[in-house]
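Shown next, in structure tokens, is the structure this report addresses.
Number of protein chains: 2
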Amino acid sequence: MEKRPLILICNDDGYDARGIDHLTRIAATMGDVVVVAPDSAQSGKSSALTVNAPLMLTSHPDKDGAKVYSVNGTPVDCVKIAIHAVLDRKPDLLLSGINHGSNAAINNIYSGTMGAAMEGCILGIPSIGYSLLSHSPEADFTPLTPFIREITSKVLAGGLPEGVCLNVNFPARCTPMGIKVVRGAKGHWSEEYQDFATPHGTPFFWLTGKFHNEEPDNPETDEYWLGRGYGTVVPIRPDQTANDKINVITDLLIN
Amino acid sequence: MEKRPLILICNDDGYDARGIDHLTRIAATMGDVVVVAPDSAQSGKSSALTVNAPLMLTSHPDKDGAKVYSVNGTPVDCVKIAIHAVLDRKPDLLLSGINHGSNAAINNIYSGTMGAAMEGCILGIPSIGYSLLSHSPEADFTPLTPFIREITSKVLAGGLPEGVCLNVNFPARCTPMGIKVVRGAKGHWSEEYQDFATPHGTPFFWLTGKFHNEEPDNPETDEYWLGRGYGTVVPIRPDQTANDKINVITDLLIN
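Protein chains in written order, with this note's numbering: chain A, 1011 to 1265; chain B, 1011 to 1265.
In structure tokens:
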């Protein structure tokens, strides 16, 4: 009998978020699932790791047949602690999410969900981050099930290229029209803070902002298809070296 | 009279670290310098941003002619707050560092120093992160001065390609033999935690680890030249899309 795949699940919204529960239910039909996720919300934590504080692992009741643990750290901490202290072998797959909110375009770089997926990739584990473009507490993850099942099973069967993981985003409030494999749209944020003052008159700032898609009409990009009701898959490389610019930088600095 | 360039300086070791002081002194000879850096150590913070807490800006006495501010947040928060609330125009250059410790190879992804540099790049500012491969409190930054001055002045004069910033590392305990423009070495960390137990017997973990260079004999990589006494420059692209893998992922998932 073939061994069931071992699937590690992480996220950045916390081990008890609705999105991770939905992903756990799907994955539990495909393998042995272990959840190791943050004990608190870790949105926007990118690939941050905890350098100068102790990390602790807490065991929780099984959920849908999956072992569930939390860590008092970031998504990357969770992946590293899972490998160090929880799993007895390297998992066959790492899934992160389902994130409550978009990780499309440049937001990949700030995303704790994708921080966990990129960490799995660095450790040589086929890794996928899933996100839904909705922060609503009533967000419906059900329409995503067949798409997540198909992408996950194909990656389990076929693997991923070395050094590459997947950033998968789904549109809110509809059943996806299909899946497009594309690149992240070029864009940036503006008006990034709301200004306040304390009762004593000291200014403070709270993150908000508007995302500007710099190529809204480009069908090569994730934002284009998400806006048209499709799920998008962007291959992501944690190694950020711009190999194609080594010559031009050499010309600038050395020659 | 030509306007002096406006240079924004950030780091992840805190606004009062020795490395940022050294960088400020160098930059102050080249332009008008404003330091906006974390109020506490933010090593390993990657591109994390503060989503659910207020950020405050504190003004400190000028240093070497530079305005100095701190922010109670991450390196990326500092860059964003500098643009939002400190500078009256987009800076001509962003410098981050000098970091106390290596950011070579895959460590770029965890680095708060490079988080700040990549944020500058996303905002369209030519950006450079500088690091010295030493955590010693007595680390000598002096031998780096001519190299930092030359790289910085060439980038000020010539700019950088769109969407690309620089990750510059220097060897410890010697004057660099020269500068090599290369890619980040392939590698990973192992034995990442030391295990402890509280007085009550509860296990906890503290990050440590050994870096394994997977291509120690490859002169195309940063680790190779750092080990031979050279400074290294790696062009870094914050957009992590693996454009060259879109077709293979399309074949895997769609076709």
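Idealized CB from N, CA, C, for every residue including glycine.
field: Supposed close pair residue 1118/B, residue 1177/B - CB separation, criterion 8 Å
entry: Residue mapping note: residue 1118/B aligns to position 108 of the second sequence, counting from 1. Residue mapping note: residue 1177/B aligns to position 167 of the second sequence, counting from 1. Indeed, because the Cβ distance is near 5 Å, the residues count as touching under 8 Å.
task: Pick out the complete beta strand (DSSP E) segments inside the stretch 1134 to 1161 of chain A, 3 residues or longer, and give them in chain order.
output: 1137 to 1142
field: First through last residue of the alpha helix (DSSP H) which encompasses residue 1258/A
entry: Here residue 1258/A is taken as the residue at index 248 of the first sequence, counted from 1. 1256 to 1263 is the extent of the alpha helix (DSSP H) around residue 1258/A.
- request: Anything in the stretch 1241 to 1264 of chain A with a Cβ closer than 7 Å to a Cβ of chain B? List those residues in chain order, please.
  value: 1243, 1244, 1245, 1246, 1247, 1248, 1249, 1250, 1251, 1252, 1253, 1255, 1256, 1258, 1259, 1260, 1262, 1263 and 1264
- prompt: The alpha helix (DSSP H) spanning residue 1085/A covers which residue range?
  reply: To locate residue 1085/A, count along the first sequence from 1; it is residue 75. Here the alpha helix (DSSP H) through residue 1085/A covers 1085 to 1091.
task: Check each residue of the stretch 1126 to 1148 of chain A: if its Cβ is closer than 8 Å to any Cβ of chain B, include it; give the result in chain order.
output: 1128, 1132, 1133 and 1134
field: Own chain partners of residue 1228/B with C-beta closer than 8 Å, once the 5 adjacent residues on each side are dropped
entry: For this step, residue 1228/B is matched to residue 218 along the second sequence. Contacts found: 1195 and 1234.
task: Identify, in the order they occur along the chain, each residue of the same chain with its Cβ nearer than 8 Å to the Cβ of residue 1202/B, setting aside the five sequence neighbours on each side.
output: Stepping through the second sequence from its first residue, residue 1202/B is reached at position 192. Same-chain partners within the cutoff: 1217, 1218 and 1219.
message: Short of 7 Å Cβ to Cβ, which residues in the stretch 1215 to 1230 of chain A face chain B?
response: 1215, 1216 and 1217
message: With a threshold of 8 Å, are at least 3 pairs of Cβ atoms found where one atom belongs to the stretch 1176 to 1193 of chain A and the other to the stretch 1105 to 1122 of chain A?
response: yes
message: Please classify residue 1056/A as buried or exposed, where buried requires at least 16 neighbouring CB atoms within 10 angstroms.
response: Along the first sequence, read from residue 1 onward, the residue named residue 1056/A stands at position 46. It counts as buried.
- prompt: Should residue 1237/B be flagged as near chain A, meaning a C-beta pair shorter than 7 Å?
  reply: Residue 1237/B sits at position 227 when you count from the first residue of the second sequence. Judged by the 7 Å Cβ criterion, residue 1237/B is not in contact with chain A.
field: Which listed residue (1151/A, 1094/A and 1261/A) has its alpha carbon closest to that of residue 1036/A
entry: In the first sequence, the residue the question calls residue 1036/A occupies position 26. Of the listed residues, the one whose Cα sits closest to residue 1036/A is 1151/A.
- request: Work out the CA separation of residue 1013/A and residue 1126/B for me, nearest whole Å.
  value: Translated into the one-based positions of the second sequence, residue 1126/B becomes position 116. Translated into the one-based positions of the first sequence, residue 1013/A becomes position 3. C-alpha separation (whole angstroms): 45 Å.
query: So which residues of chain A does residue 1066/B contact, with C-beta pairs closer than 8 Å?
result: Here residue 1066/B is taken as the residue at index 56 of the second sequence, counted from 1. The answer, in chain order, is 1212, 1213, 1214 and 1215.
task: Please report how far the alpha carbon of residue 1225/B lies from the alpha carbon of residue 1067/B, in whole angstroms.
output: Translated into positions along the second sequence, residue 1225/B becomes position 215. Translated into positions along the second sequence, residue 1067/B becomes position 57. Straight-line Cα distance between these residues: approximately 43 Å.
task: Just grab the DSSP bridge partners of residue 1245/A for me.
output: Translated into positions along the first sequence, residue 1245/A becomes position 235. 1176/A, per the DSSP bridge assignment.
- prompt: Could you give the distance in angstroms between the alpha-carbon of residue 1238/A and the alpha-carbon of residue 1143/A?
  reply: Indexing the first sequence from 1 puts residue 1238/A at position 228. Indexing the first sequence from 1 puts residue 1143/A at position 133. Taking C-alpha positions only, residue 1238/A is separated from residue 1143/A by approximately 13 Å.
query: Using 8 Å as the Cβ pair cut-off and three pairs as the minimum, do the stretch 1245 to 1261 of chain A and the stretch 1245 to 1263 of chain B touch?
result: yes
message: Let's test the definition: count the other Cβ atoms within 10 Å of the Cβ of residue 1267/B and tell me whether it reaches 16, buried, or not, exposed.
response: Chain B is shown only over 1011 to 1265; residue 1267/B falls outside these bounds and no answer can be derived.
query: Unbroken alpha helix (DSSP H) runs of length 4 or more, entirely within the stretch 1059 to 1132 of chain B: which are they?
result: 1085 to 1091 and 1122 to 1132
query: In terms of residue numbering, what span does the beta strand (DSSP E) encompassing residue 1205/B cover?
result: For the purposes of this step, residue 1205/B is taken as residue 195 along the second sequence, with counting starting at 1. Looking at the DSSP string, the run of the beta strand (DSSP E) that includes residue 1205/B is 1203 to 1207.
- prompt: Closest to residue 1053/B by CA distance: which of 1083/B, 1018/B, 1065/B and 1069/B is it?
  reply: Position 43 of the second sequence, counting from 1, holds the residue named residue 1053/B. For residue 1053/B, the closest alpha carbon among the candidates 1083/B, 1018/B, 1065/B and 1069/B is that of 1083/B.
query: In whole angstroms, what separates the C-alpha of residue 1079/B from that of residue 1088/B?
result: Your numbering for residue 1079/B matches position 69 in the second sequence. Your numbering for residue 1088/B matches position 78 in the second sequence. Approximately 9 Å between the Cα atoms of the pair.
- request: Measure the alpha-carbon distance for residue 1205/A versus residue 1186/B and round it to whole angstroms.
  value: Looking up residue 1205/A in the first sequence gives position 195. Looking up residue 1186/B in the second sequence gives position 176. One C-alpha to the other measures close to 45 Å.
message: Taking only three categories from DSSP, how would you classify residue 1223/A?
response: The sequence position of residue 1223/A within the first sequence is 213, counting from 1. Residue 1223/A: strand per DSSP, three-state reduction.
Beta-carbon gap between residue 1091/A and residue 1065/A smaller than 7 Å: Working through the first sequence from its first residue, we reach residue 1091/A at position 81. Working through the first sequence from its first residue, we reach residue 1065/A at position 55. Contact flag set, yes.
- prompt: Does DSSP put residue 1029/A in a helix, in a strand, or in coil?
  reply: Within the first sequence, numbered from 1, the residue matching residue 1029/A stands at position 19. DSSP places residue 1029/A in helix when its eight states are reduced to three.
task: Compare the Cα-Cα distances from residue 1049/A to each of 1025/A, 1069/A and 1071/A and report the closest residue.
output: Taking the first sequence and counting its residues from 1, one reaches residue 1049/A at position 39. With distances taken between CA atoms, residue 1049/A lies nearest to 1025/A out of 1025/A, 1069/A and 1071/A.
message: Please report the distance separating the alpha-carbon of residue 1028/A from that of residue 1148/A.
response: Position 18 of the first sequence, counting from 1, holds the residue named residue 1028/A. Position 138 of the first sequence, counting from 1, holds the residue named residue 1148/A. Answer to the nearest angstrom: the Cα atoms are 9 Å apart.
- request: May I ask you to report which of helix, strand or coil DSSP gives residue 1034/A?
  value: The count along the first sequence starts at 1 and reaches residue 1034/A at position 24. Under the three-state reduction of DSSP, residue 1034/A is assigned to helix.
- request: Taking residue 1114/B as the query, report the chain A residues whose CB atoms sit under 8 Å from its CB, ordered along the chain.
  value: If you number the second sequence from 1, residue 1114/B lands on position 104. Those do not exist, as residue 1114/B stays about 11 Å from chain A at its closest Cβ, beyond 8 Å.
field: Neighbour-count burial assignment, residue 1020/B, 16 or more Cβ in a 10 Å radius
entry: Residue 1020/B sits at position 10 when you count from the first residue of the second sequence. By the 10 Å Cβ count, residue 1020/B comes out buried.
field: Candidates 1192/B, 1018/B and 1251/B: closest to residue 1113/A by CA position
entry: Stepping through the first sequence from its first residue, residue 1113/A is reached at position 103. Comparing C-alpha distances from residue 1113/A to each of 1192/B, 1018/B and 1251/B shows the shortest one belongs to 1251/B.
message: Give me the chain B residues within the contact set of residue 1202/A, using Cβ-Cβ distance strictly less than 7 Å, ordered along the chain.
response: The residue labelled residue 1202/A in the question sits at position 192 within the first sequence. The contacting residues are 1090 and 1094.
message: Between which two residues does the beta strand (DSSP E) holding residue 1049/B run?
response: Here residue 1049/B refers to the residue found at position 39 of the second sequence. Residue 1049/B -> no beta strand (DSSP E), and no H or E assigned at all.
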